[in-house]
């Protein structure tokens with residue numbers, strides 16, 4: 019039985035109140051600061067940009083200070099403030115993470131260096147469980163080459179010599195909806211009796227989260243035909259008021275065990291477990307200004323799911339002679355989703371005419387085995403070679419029942435299929451110190467990916483893709499502060515299983531070329547790209563830099579989605595459509611004023627700008643760009659240390675409006691997007707700290723429109739999605 023959890027706001031209020039109450043109680047019981055200063059300061063050591071300077075690859079690392087600054091409960095909110103990353107919220111589909119303006123498979127997301135499973139949402143990872151975030155514009159050969167735009171690696175918490183145990187609780191308010199979060203991280207060695215036998219330490223981190231948000235959208239739709247006099251005549255004009263309420267309750271655990279067996283051997287076990295209960299309630303009411311209404315002008319839907327995800331990684335490292343190392347990793351993942359969906363359709367008189375009930379389940383298990391051997395075989399070379407292998411099996415079922423209320427006819431539509439994914443990769447890489455000023459990275463990765471999907475009596479699809487990816491990265495230091503970077507690589511983008519399966523997914527209401535049914539194409543080939551990156555970096559101080567990066571990608575077999583009329587309905591399918599070119603410019607500036615001059619205020623400044631262009635050869639211009647590409651992204655930020663206890667800061671980002679000719683007949687327009695976040699932190703003591711933040715201060719509405727025009731007809735839609743501020747208070751305590 020489905021429960022409308024959103025009717026019970028008291029549960030969210032209770033969690034928020036309990037979180038803050040527990041926080042205050044722990045604070046009251048916290049030990050006093052002793053004169054020896056043995057308590058750990060809440061402020062983490064700032065990330066030093068020198069680490070970035072010394073890395074031969076195009077890699078940026080962001081630690082706990084960047085992650086916890088605003089007290090975010092969603093990882094996507096953290097990522098959107100990192101240089102060069104944008105986040106697009108797709109209603110009903112979660113957050114899409116983009117690098118260089120491209121998501122949807124162009125940006126690779128990893129968790130502890132491994133690809134996330136199908137159906138895994140990025141916001142199921144609580145920010146409090148993350149140790150660092152690595153952003154790689156060009157990844158090394160030891161990482162999959164499925165990263166035409168770049169790679170983001172989420173690294174969960176590990177034990178380090180200076181890590182402290184912590185407790186954190188927060189409460190948030192958005193448009194009258196209360197959310198709560200509580201997290202903890204306990205790090206220690208095993209008891210002395212055991213420690214005498216083995217050097218074992220552990221981290222036990224977890225979080226509990228309950229969030230709710232509302233999405234309100236107004237959509238204006240039009241339909242036109244071309245008259246004999248070549249004038250567009252309106253056939254339909256209607257306005258749709260859409261409301262959607264999303265609820266998510268989740269618990270995550272990330273224990274890690276580190277065992278130093280002896281001087282040569284160590285063993286680590288990392289676990290990630292997440293259980294989430296999600297619910298979405300949607301309703302739509304239509305006002306017809308001209309022409310006929312849709313089939314269900316008054317409709318509502320309810321979707322609810324239980325999702326369980328677990329990941330296990332066991333890593334064994336052995337140190338060999340001459341500083342060589344052998345690293346072996348075993349892992350297994352489990353994903354289980356149980357979902358239910360109901361749709362109620364009413365006619366223009368408010369009478370129910372349709373009831374649709376769908377149950378769906380998915381179960382996936384993956385097993386992985388990888389290894390790496392690293393050896394500094396000479397003074398100037400560090401050679402490593404390794405392999406990655408994995409195999410996963412997925413079963414998925416969808417049982418649908420449609421009931422026509424007027425006739426009583428019941429139409430079943432049941433589908434159950436199996437899918438498999440097998441990966442095998444071997445790689446070789448060499449970090450080469452040519453001289454004191456010039457270093458290079460040479461890598462070669464061979465990767466084979468085999469996917470299969472079948473349904474008894476319906477389809478049997480198997481695709482095999484092989485990719486050889488050479489990688490060259492080089493750093494040339496002009497002096498101690500200035501350097502040039504150069505990179506060449508080959509990368510690719512695989513079609514998703516949904517895009518390959520020749521099964522039809524239909525929309526619930528209002529089938530148009532801008533809202534078409536979808537069917538997969540088993541003949542899809544992966545996109546393959548050749549890339550070039552050139553960057554100039556000037557490191558002014560230990561924490562100040564100026565970076566200018568330009569990139570170029572040439573992509574073949576671009577996958578484009580194109581709707582076509584199939585009888586009386588519209589059906590969309592993805593096809594390979596020739597070549598595309600992507601170029602861009604990225605500028606990043608970061609500085610601490612007091613490092614430039616001691617007389618300046620304690621102010622940290624940062625700014626970055628990203629300009630991205632693309633052209634698709636088989637789509638006529640102008641604006642024949644890759645679908646949904648973000649053309650211009652500008653962001654700025656500042657942090658000011660008011661005094662030793664108080665600190666404040668703000669981040670502002672701007673995405674320019676985009677007009678894109680996505681395919682032969684479709685044009686889309688996205689309005690400009692401005693976002694401002696501010697925070698204030700108060701270090702109450704060396705153990706405790708409060709954070710106050712307001713995100714989406716400007717609460718700017720999101721504007722999106724589309725246009726499908728062929729030789730005889732035209733469809734248009736224009737939507738306005740409302741947004742709201744989020745107020746949040748966070749309490750932290752560290753031992």
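Numbering (this note's numbering), first residue to last: 19 to 753. Glycine included, every Cβ here is placed at the ideal spot set by N, Cα and C. All values reported here derive from a predicted model rather than from experimental measurement.
Quick one: what does DSSP say residue i is sitting in, helix, strand or coil?
| i | result |
| --- | --- |
| residue 491 | strand |
| residue 339 | helix |
| residue 663 | coil |
| residue 114 | strand |
| residue 5 | The structure shown does not extend to residue 5, since the chain is modelled only from 19 through 753, so no value can be given for it. |
| residue 616 | coil |
| residue 370 | strand |
| residue 517 | helix |
| residue 141 | helix |
| residue 71 | helix |
| residue 452 | coil |
| residue 99 | coil |
| residue 93 | helix |
| residue 680 | coil |
| residue 134 | coil |
Under a Cβ-count criterion, where at least 16 other Cβ atoms within 10 Å of its own Cβ denotes burial, should residue i be classed as buried or exposed?
| i | result |
| --- | --- |
| residue 503 | buried |
| residue 618 | exposed |
| residue 392 | buried |
| residue 321 | buried |
| residue 752 | buried |
| residue 367 | exposed |
| residue 486 | exposed |
| residue 531 | buried |
| residue 575 | buried |
| residue 614 | exposed |
| residue 374 | buried |
| residue 679 | buried |
| residue 248 | exposed |
| residue 525 | exposed |
| residue 197 | buried |
| residue 452 | exposed |
| residue 237 | buried |
| residue 157 | buried |
| residue 749 | buried |
| residue 304 | buried |
| residue 339 | exposed |
| residue 23 | Low per-residue confidence applies at residue 23: pLDDT is 36, beneath 50, and the placement is therefore not dependable, though the value from the model is reported in the following sentence. Residue 23 comes out buried. |
| residue 745 | exposed |
| residue 596 | exposed |
Give the single residue among the options whose Cα lies nearest to the Cα of residue i.
| i | options | result |
| --- | --- | --- |
| residue 103 | 94, 167, 116 | 116 |
| residue 689 | 135, 724, 669 | 724 |
| residue 135 | 202, 355, 74, 225 | 355 |
| residue 611 | 144, 705, 106, 562 | 562 |
| residue 457 | 468, 480, 495 | 495 |
| residue 371 | 335, 329, 342, 422 | 422 |
| residue 193 | 623, 557, 232, 218 | 232 |
| residue 203 | 157, 434, 182 | 182 |
| residue 360 | 187, 685, 301 | 301 |
| residue 630 | 620, 645, 624, 623 | 645 |
| residue 281 | 335, 313, 267, 294 | 335 |
| residue 673 | 643, 652, 683 | 652 |
| residue 424 | 263, 650, 363, 668 | 363 |
| residue 700 | 666, 77, 675 | 666 |
State the beta-bridge partners of residue i as determined by DSSP.
| i | result |
| --- | --- |
| residue 195 | 192 |
| residue 381 | 354, 413 |
| residue 278 | 217, 284 |
| residue 252 | 242 |
Nearer than 6 Å: is that true of the beta carbon of residue i relative to any heavy atom of the ligand MN?
| i | result |
| --- | --- |
| residue 174 | The model depicted lacks the ligand MN and carries no ligand whatsoever. |
State whether the stretch 521-540 contacts the stretch 456-466, with contact taken as three or more CB pairs (one from each stretch) at a distance under 8 Å. no
Check whether the stretch 393-400 touches the stretch 372-382, taking contact to mean three or more Cβ pairs, one atom from each stretch, closer than 8 Å. no
Under 8 Å: do the stretch 471-490 and the stretch 382-397 share three or more Cβ pairs, one atom per stretch? no
For the 8 Å Cβ check, are there 3 or more pairs between the stretch 241-256 and the stretch 736-750? no
Tell me, please, whether the stretch 721-741 touches the stretch 223-242 by the rule of three or more beta-carbon pairs shorter than 8 Å. yes
Cβ contact (3+ pairs, closer than 8 Å) linking the stretch 706-721 and the stretch 683-697: yes
For the pair the stretch 580-592 and the stretch 544-555, tell me if three or more CB-CB distances fall below 8 Å. no
The stretch 287-302 in contact with the stretch 323-338 per 3-pair CB rule at 8 Å: yes
Is the stretch 81-94 touching the stretch 140-157, taking contact as three or more C-beta pairs under 8 Å? yes
Taking contact to mean at least 3 C-beta pairs separated by less than 8 Å, is the stretch 468-478 in contact with the stretch 117-136? no
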